[in-house]
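Numbering (my numbering), first residue to last: 4 to 60. Glycine included, each C-beta is placed from N, C-alpha and C at the ideal position. What follows is a single structure, written as structure tokens, with notes after it.
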């Protein structure tokens, strides 16, 4: 005997990512400096530094 679902469940939607608006380059720079200062571990810091290099090329 096979049991079939009688409901058509809607797919679960993921919450949208929050994005921030950078008003100017100084704010972006300050944000990155704060993120680097608050990095939880060395790998996080390396990731942020690599990202910073690609952003500010």
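Bounding residues of the alpha helix (DSSP H) (the contiguous stretch that carries residue i)
{"i": "residue 38", "result": "28-40"}
Residue of the options minimising C-alpha distance to residue i
{"i": "residue 56", "options": "27, 32 and 26", "result": "32"}
Residue i, DSSP secondary structure in three states
{"i": "residue 53", "result": "helix"}
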